[in-house]
Amino acid sequence: MARNRNTPTARTRANAGRPAAGSAGSRAAGAKRTSPTGTGKNQAAKAGTRRPSGGRGSRPKVARGLTNGKQPALSTSRARRRLERASAPVLIRLNRAPRWVPTAVMLVLLLIGLFTPGSVSAALLAAVALILAWLLALAWPTLAAQGRFARILVIGLVLFSALVRLSGLNVVRKH
Numbered sequence: 517m518a519r520n521r522n523t524p525t526a527r528t529r530a531n532a533g534r535p536a537a538g539s540a541g542s543r544a545a546g547a548k549r550t551s552p553t554g555t556g557k558n559q560a561a562k563a564g565t566r567r568p569s570g571g572r573g574s575r576p577k578v579a580r581g582l583t584n585g586k587q588p589a590l591s592t593s594r595a596r597r598r599l600e601r602a603s604a605p606v607l608i609r610l611n612r613a614p615r616w617v618p619t620a621v622m623l624v625l626l627l628i629g630l631f632t633p634g635s636v637s638a639a640l641l642a643a644v645a646l647i648l649a650w651l652l653a654l655a656w657p658t659l660a661a662q663g664r665f666a667r668i669l670v671i672g673l674v675l676f677s678a679l680v681r682l683s684g685l686n687v688v689r690k691h
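In our numbering, each number is its position in the sequence shown, counted from 1, plus 516.
Structure, rendered in structure tokens:
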């Protein structure tokens, strides 16, 4: 049964309104100062809330060897392990950069590729498609079918744009 917070406990009745030991009122000069709110764990327990297990500001932990967080991975091919090992240094470097930097770089490459004519734009669009395909290959086991389809569709559209730029076709009519 949950205790009502407004009801005095045996400790507060015994102190008869005096501050409890270790509180600001009973602290001796030079004693170590403690937080008035107490520790985070105790406060969360008192408030009836739970703290995330990873600590403050941490990302959710993903269990190794699990796909979609539900089923154990069957087996990892040798090619996949090689891809993951080869990608690790680049991914670590990307993880150290601010989160907006990779997105901004990809967006700039995409916009330059879409709005400039010629083979340079086709090369930029092909580079964007290659990076997206690499990220898709790394994330493939953890994605649901809808996520896979959406990512493949985006890569296909970027490749189509690159082929249109490379072929020199003008899709937009000029008046």
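Virtual Cβ for every residue (Gly too), placed ideally from N, Cα, C.
The structure displayed is predicted, hence computed values, not measured ones.
Legend entry - Nearest-angstrom Cα separation, counted from A649 out to E600: In the sequence shown, the residue the question calls residue 600 occupies position 84. In the sequence shown, the residue the question calls residue 649 occupies position 133. The straight-line gap from Cα to Cα measures roughly 14 Å.
Legend entry - Sequence-distant residues of its chain with Cβ nearer than 7 Å to P618 (five each side left out): Residue mapping note: residue 618 aligns to position 102 of the sequence shown, counting from 1. If we look at P618 and ignore the five residues flanking it on each side, its Cβ neighbours are L610.
Inset, instruction - Report the option in V636, P605 and R594 whose CA atom is closest to the CA atom of A678. - result: As a first step, residue 678 must be located in the sequence shown, where it is residue number 162. Of the candidates V636, P605 and R594, the residue whose Cα lies closest to the Cα of A678 is V636.
Legend entry - DSSP three-state assignment for T592, whether helix, strand or coil: Position 76 of the sequence shown holds residue 592. Reduced to three states, the DSSP call for T592 is coil.
Inset, instruction - Would you kindly check if the distance between the Cβ of G629 and the Cβ of L646 is under 8 Å? - result: Indexing the sequence shown from 1 puts residue 646 at position 130. Indexing the sequence shown from 1 puts residue 629 at position 113. Not a contact, by the Cβ cut-off of 8 Å.
Inset, instruction - Let me know if V624 comes out buried or exposed under the rule of 16 or more other beta-carbons within 10 Å of its beta-carbon. - result: Indexing the sequence shown from 1 puts residue 624 at position 108. For V624, the number of other beta carbons within 10 angstroms of its own is below 16, and it is reported as exposed.
Inset, instruction - Answer yes or no: do V606 and L626 have a C-beta to C-beta separation smaller than 8 Å? - result: Position 90 of the sequence shown, counted from the first residue, corresponds to residue 606. Position 110 of the sequence shown, counted from the first residue, corresponds to residue 626. No, the Cβ-Cβ distance between V606 and L626 is not below 8 Å.
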